[in-house]
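Protein chains in written order, with the working numbering: chain Z, 22 to 646; chain Y, 22 to 646.
Beta carbons are placed, not taken as given, at the ideal position from N, Cα and C, and that holds for glycine.
Owing to the predicted nature of the structure, the values given are computational and were not obtained by experimental measurement.
Below: one structure, written as structure tokens.
Number of protein chains: 2
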Amino acid sequence: MWNYIAPVRDMQFVINELLDAPSEWQKIPRFAEVDGDTVPQILGEASRFATDVLAPTNADGDAQGCRLVDGHVITPAGFPAVYRQYCEGGWPALACDPENGGQGLPQLLNAAVYEMLNSTNHAWTMYAGLAHGAHECIRAHGSEFLKSTYLPKIVSGEWLATMCLTEPQAGTDVGLLRTQAVHVGARPVGALPLGEQRDALNERYALNGSKIFISGGDQDMSPNIVHLVLARLPDAPAGSRGISLFLVPKFQGEHHDQPNGVCCDGIEHKMGIKGSATCVLRFKDAHGWLIGQPHRGLAAMFVMMNAARLHVGLQGLGHAEAAYQNAHRYAAERVQMRALPRRTESMATTAPAGTPAPAAGPAASPIIQHAGVRRTLMTLQAMVQGGRALAYWSAHLLDVADHHPDAARRAGAHDLVALLTPVVKAFLTENGFELSSAALQIWGGYGYVREFGIEQTVRDSRIAMIYEGTNEIQAIDLLVRKVVGDKGAKFNLVLDELRDEAAACNASPKHQSIGSALAMGNALSELHAGLSEATAAIVDDAMRDPELPHRVASDFLRLVGLSLLGVLWARMARIAAPKAQSDAFYRDKLTTAAFYFDYLLPEATYRLALLKRGRSPLPWLEALE
Amino acid sequence: MWNYIAPVRDMQFVINELLDAPSEWQKIPRFAEVDGDTVPQILGEASRFATDVLAPTNADGDAQGCRLVDGHVITPAGFPAVYRQYCEGGWPALACDPENGGQGLPQLLNAAVYEMLNSTNHAWTMYAGLAHGAHECIRAHGSEFLKSTYLPKIVSGEWLATMCLTEPQAGTDVGLLRTQAVHVGARPVGALPLGEQRDALNERYALNGSKIFISGGDQDMSPNIVHLVLARLPDAPAGSRGISLFLVPKFQGEHHDQPNGVCCDGIEHKMGIKGSATCVLRFKDAHGWLIGQPHRGLAAMFVMMNAARLHVGLQGLGHAEAAYQNAHRYAAERVQMRALPRRTESMATTAPAGTPAPAAGPAASPIIQHAGVRRTLMTLQAMVQGGRALAYWSAHLLDVADHHPDAARRAGAHDLVALLTPVVKAFLTENGFELSSAALQIWGGYGYVREFGIEQTVRDSRIAMIYEGTNEIQAIDLLVRKVVGDKGAKFNLVLDELRDEAAACNASPKHQSIGSALAMGNALSELHAGLSEATAAIVDDAMRDPELPHRVASDFLRLVGLSLLGVLWARMARIAAPKAQSDAFYRDKLTTAAFYFDYLLPEATYRLALLKRGRSPLPWLEALE
């Protein structure tokens with residue numbers, strides 16, 4: 022009943038037409054061999070894996086959950102077998118460095134693959150999803166010994182990885198963590214060349230402490246697990262400047278067969294992603310190796326921050342896509358109440374010819390004909406396709422920032438993606454949850470029942486608003502750190518996108534007629550003025566009232582998200598306009614763009630108003646009696 | 022860890038000060054004996070029952086769920102025992118008619134009790150919650166035989182009741198139902214007086230068909246169950262005008278010990294309220310009695326519609342209250358990140374003296390000091406307390422509409438509560454879910470874990486947006502049926518509330534200074550003008566574009582909800598102002614009223630904008646390929 026068909030056509034539109042990525046890749050040596058055929062080939066194979074192999078394990082995985090038996094996690098039936106197929110398909114290597122056995126493909130393609138995996142089984146994807154970040158982190162900061170020992174195993178998928186940050190008293194505030202690491206004496210680690218052995222010995226530490234909320238902290242899918250663990254050295258300063266990063270394998274020794282002191286003490290019973298084992302890990306004299314410099318563990322970990330947050334945004338997107346297409350199909354089948362007759366005169370421009378209008382005859386209509394259902398579905402469609410454009414844009418910018426031969430292009434992409442990343446993470450995960458809940462409503466009572474699938478989507482999608490930095494932390498990262506922090510200088514990159522797209526729209530007379538309430542160009546010009554003024558005012562007022570940006574950070578992030586989707590929908594409409602006569606796909610893009618400007622962009626004005634209201638004091642609260 | 026303390030002080034404020042209910046009761050003969058002592062007595066006893074007896078079964082009930090064993094439902098451990106205590110306490114009888122053994126207390130007090138029950142165990146309350154509606158329905162439309170046989174058992178709580186409406190193909194569109202009822206021949210039903218026996222025989226029918234989503238369709242809490250079943254007679258017209266209502270007991274016969282043809286074929290596995298058995302019921306030659314006239318079943322059922330929808334609104338309120346107070350307590354205890362220093366100058370009017378400001382010393386602060394957390398908690402506080410005022414107002418209007426000696430007062434209350442009811446149902450349940458989810462965020466990762474309680478609240482609260490008429494149906498009921506349907510005539514009752522409260526605020530110079538962005542009176546005047554104009558425009562345009570109100574119905578309902586809370590917060594602020602100097606409770610009301618006007622009421626302007634945007638066409642959607 023629940024079903025998933027990868028939106029390959031729309032993914033290709035974003036990659037090829039909106040971002041024009043293939044021609045950009047031609048200018049980047051690392052991607053020079055990625056040609057026009059690569060995109061459909063990768064998307065087609067990923068689509069088959071997601072739909073045929075992964076999707077069938079989703080509902081059962083939720084029903085079964087994980088079990089902890091004698092200190093070992095048993096994942097739901099089928100999860101390990103699916104993971105074997107995933108490795109055999111070479112998926113872990115997709116965007117990894119060729120020198121470690123990776124395929125070296127763009128992050129952009131990886132993003133599309135991840136969207137599909139998250140649409141079909143978020144819980145399972147948790148296991149596979151952490152490997153790429155670990156790869157990036159070890160590659161950037163690990164010693165030669167760590168790189169040669171661990172990277173090939175991670176790239177092939179033979180071993181999986183975790184990130185061990187949180188402790189009971191240290192969640193958002195990672196600076197409060199207490200896990201201890203002490204340097205231990207030399208002990209041979211095997212038949213390594215002398216230099217590497219010395220490295221390995223010198224970097225060896227013993228870790229003691231407890232970590233919670235460790236996704237994949239234990240599992241039965243890979244024979245070894247590479248834990249990246251934040252801990253304190255004995256001489257560490259207090260707070261976040263005294264944190265070091267360690268690699269702690271589940272099994273150590275020359276043959277990786279000696280158990281290390283890492284115990285899984287429990288797994289959480291969660292609202293969703295029940296197939297993902299969320300572990301309490303205890304490190305008891307566990308041997309680990311330092312990654313990067315002492316006390317610089319957070320910096321070493323930041324290397325994977327943008328990609329990790331993009332991936333969480335893709336979870337929100339993946340859920341919303343699955344919710345959208347299933348709700349759409351259900352609404353076309355479910356018959357309840359007679360719909361009002363269709364007003365053909367005002368719909369003529371947006372509706373394909375030949376659609377039968379509901380006659381006076383039937384007692385009830387497919388609910389897709391009811392106005393409220395159509396509005397919900399159009400909201401999902403506009404937010405999902407717009408969100409895809411935003412997420413893929415960010416992924417593409419990561420590729421440019423990492424690999425473009427032109428330093429100025431790299432720097433520009435780096436600065437813009439730093440601003441986009443918190444928006445992708447928070448805006449797309451909030452939408453993922455809220456749109457899934459909106460979709461649930463279309464099923465009525467059936468939506469609340471397990472076998473119809475959507476309630477699992479609502480539960481699973483909720484976590485993405487929390488982990489990898491809560492959405493509130495993303496908003497503070499954007500407004501306080503990245504906008505107010507440099508007095509809005511870099512934020513001009515976002516404002517310029519609004520200004521340029523408004524100009525492009527206004528330069529195209531034909532385009533001015535799209536959007537019935539307000540021409541897109543004018544709407545974007547207004548938005549540019551409003552956002553510029555509001556940002557300048559906050560930067561200015563924050564000097565006198567430092568709490569102001571904290572009070573309105575979430576409104577600001579949402580405003581930026583809505584504005585960026587406005588830019589992207591206008592751009593997509595400009596691309597689609599010349600082709601709309603002959604192709605329903607492009608006609609649909611025009612309709613959806615108009616809907617976005619008519620029905621969804623007005624929220625931006627509301628958020629602008631709240632930025633002003635945020636000057637009002639926010640009461641100090643007492644503990645309840 | 023999860024805890025509930027009934028907000029008795031705030032409930033009393035709404036009942037006694039905002040609604041001035043006790044002095045109104047003095048004018049109503051049925052309530053003349055309800056004196057000032059009754060309110061605290063009932064609230065105190067209900068609070069003890071909810072906290073001490075009911076609350077401990079909530080989390081376990083969710084974890085255990087219901088089981089179907091040999092066709093019989095087993096509810097979670099403790100549920101039947103709690104129900105026995107509930108009956109011993111006389112709670113089922115609270116608002117029932119004295120002539121059937123009821124206590125005849127106001128619906129308003131019943132509403133407060135229901136809020137507490139829903140705050141502590143929504144799933145359990147599902148069983149008890151349907152009895153009052155059945156009582157009202159049988160009382161209004163049942164024969165003497167049905168009244169004398171069933172009402173005393175329902176009032177005492179000995180027997181519970183269900184409402185059997187939905188069928189697989191007939192959800193929102195109840196007119197599509199297919200369950201059949203045929204008149205059956207006479208058979209003695211026991212030692213009844215001759216007249217009653219004739220009634221009983223004449224009214225006897227055999228029912229065949231299947232019903233789904235029947236809450237409490239079977240259970241182990243009462244020895245008999247009174248099913249109210251919608252079905253079709255052989256000569257019934259098609260659609261909703263051909264539906265009749267029947268009373269079908271689980272056990273029949275003189276001694277109520279002969280099984281009737283009602284089988285529980287299954288129970289649903291749901292997202293939440295897992296302790297509530299949602300049953301598939303099959304009626305196989307089940308004997309039942311007609312309630313009311315043939316083909317007039319929906320009308321007979323409508324008698325309990327307002328109260329039933331109010332009760333669902335109270336579920337949303339109850340969840341939001343529980344989420345609010347638990348999040349508040351957690352935020353005061355949880356220490357993460359250092360908060361910005363408190364700005365005493367601008368806070369002076371809102372903060373109690375002596376609150377220690379966070380010094381530069383500690384590395385981290387209770388998160389209740391962080392601006393984002395305070396804004397979330399204030400949003401919960403303002404919406405919960407405002408929602409309580411709205412729900413209790415509706416309950417009070419039901420009492421006036423049913424029992425006031427003055428016919429004009431009855432009619433006025435009846436018309437106003439008809440407008441308020443869909444708002445209470447949809448606005449409060451949407452808030453219940455969304456505020457619970459907002460509260461979850463305060464726990465961070467812990468919020469996603471079962472043992473912290475809030476994730477159950479999010480799951481449980483979601484159903485209230487669906488049943489008893491989806492929130493979309495409520496919005497259509499309000500705007501299409503009740504506003505456009507009479508060209509806005511009765512809606513003037515709502516507009517008058519805005520106008521009158523604005524005038525009252527503007528007449529009080531002192532009051533004009535509350536609300537830092539805009540004086541409350543001016544804000545309400547603006548809102549009155551905007552809502553009046555928008556309503557008139559929709560009524561007018563709907564003649565040319567009948568789909569318009571369907572496109573914007575949900576925005577309109579939300580706008581009315583926000584407007585009514587504006588009226589109520591202004592009124593509460595006027596009441597609190599003279600007492601605020603000496604009592605922190607009233608000072609808190611002023612602070613919260615200002616917060617509502619500053620941070621929450623701006624959404625009304627956004628919804629007004631969407632009502633205009635709703636003139637844009639909404640695309641017709643095709644089935645996905």
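Indicate whether at least one CB of chain Z lies closer than 8 angstroms to the CB of residue i.
i, result
"LEU361 of chain Y", "yes"
"ASP481 of chain Y", "no"
"TRP145 of chain Y", "no"
"GLU624 of chain Y", "yes"
"ARG350 of chain Y", "yes"
"TRP23 of chain Y", "no"
"LEU631 of chain Y", "yes"
"PRO258 of chain Y", "no"
According to DSSP, simplified to helix, strand and coil, what is residue i?
i, result
"TYR104 of chain Z", "helix"
"GLY334 of chain Y", "helix"
"ALA374 of chain Z", "Unreliable placement is indicated for ALA374 of chain Z, whose pLDDT of 47 sits below 50; no coordinate value is reported for it."
"ASP91 of chain Y", "coil"
"GLN273 of chain Z", "strand"
"PHE616 of chain Y", "helix"
"PHE267 of chain Y", "strand"
Per DSSP, residue i is paired with what?
i, result
"THR200 of chain Y", "According to DSSP, THR200 of chain Y bridges with nothing at all."
"LYS232 of chain Y", "Y:LEU302"
"PRO258 of chain Z", "DSSP output for PRO258 of chain Z lists no bridge partner at all."
"GLY309 of chain Z", "Z:TYR226"
"LEU249 of chain Y", "Y:MET184 and Y:LEU268"
Suppose contacts are defined by Cβ-Cβ distances below 8 angstroms. Is residue i in contact with residue j by that definition?
i, j, result
"ALA460 of chain Y", "ALA348 of chain Y", "yes"
"SER415 of chain Z", "LEU331 of chain Z", "yes"
"ASP83 of chain Y", "GLN477 of chain Y", "yes"
"ALA630 of chain Y", "TYR413 of chain Y", "no"
"MET399 of chain Z", "PRO244 of chain Y", "no"
"SER386 of chain Z", "ARG363 of chain Z", "no"
"HIS156 of chain Y", "LEU172 of chain Y", "yes"
Say whether chain Y places a C-beta atom closer than 8 angstroms to the C-beta of residue i.
i, result
"ALA474 of chain Z", "The residue asked about is misnamed: residue 474 of chain Z is Gly in this sequence, not Ala. GLY474 of chain Z does not count as touching chain Y."
"PRO373 of chain Z", "Annotation note: pLDDT 48 at PRO373 of chain Z (below 50); position unreliable, no value reported."
"ASP619 of chain Z", "yes"
"VAL647 of chain Z", "Chain Z is shown from 22 up to 646; residue 647 of chain Z falls before or after that span and cannot be answered."
"GLN495 of chain Z", "no"
"ARG396 of chain Z", "yes"
"PRO28 of chain Z", "no"
"HIS316 of chain Z", "no"
"ALA381 of chain Z", "Note that ALA381 of chain Z scores 48 on pLDDT, short of 50, meaning its location in the model is unreliable and no value can be drawn from it."
"ILE484 of chain Z", "yes"
"ARG647 of chain Z", "What is shown of chain Z runs 22 to 646, which leaves residue 647 of chain Z out entirely."
"PRO393 of chain Z", "The amino acid occupying residue 393 of chain Z in the given sequence is Gly; Pro does not appear at that position. Answer yes: the Cβ-Cβ gap between GLY393 of chain Z and chain Y drops below 8 angstroms somewhere."
Query - Residues within the region 431 to 465 of chain Y neighbouring chain Z, beta-carbon criterion of under 8 angstroms - result: PHE454, SER458, LEU461, GLN462 and GLY465
Requested in this report: Select from the region 226 to 241 of chain Y all residues with a C-beta closer than 9 angstroms to any C-beta belonging to chain Z, and list them in chain order.
Outcome: ILE233 and PHE234
Query raised in the report: In the region 538 to 572 of chain Z, which residues sit with their C-beta less than 8 angstroms from some C-beta in chain Y, listed in chain order?
Result: ALA538, ASP566, PRO567, GLU568, HIS571 and ARG572
Query raised in the report: When Cβ atoms are compared, which residues of the region 193 to 205 of chain Y fall closer than 8 angstroms to chain Z?
Result: THR193, ASP194, GLY196 and LEU197
Report task. Scan the region 496 to 517 of chain Y for residues whose Cβ lies nearer than 9 angstroms to a Cβ of chain Z and list them as they occur along the chain. Result -> ALA496 and ILE497
Report task. May I ask you to list, following chain order, the residues of the region 280 to 304 of chain Z that have a beta carbon less than 9 angstroms from some beta carbon of chain Y? Result -> GLU289, HIS290, LYS291, MET292, GLY293, ILE294 and THR299
Query raised in the report: Going along the region 168 to 194 of chain Z in order, which residues come within less than 7 angstroms of chain Y, judged by CB to CB distance?
Result: THR187, GLY192, THR193 and ASP194
Query raised in the report: Going along the chain, which residues of the region 30 to 59 of chain Z sit with their C-beta nearer than 9 angstroms to a C-beta in chain Y?
Result: none
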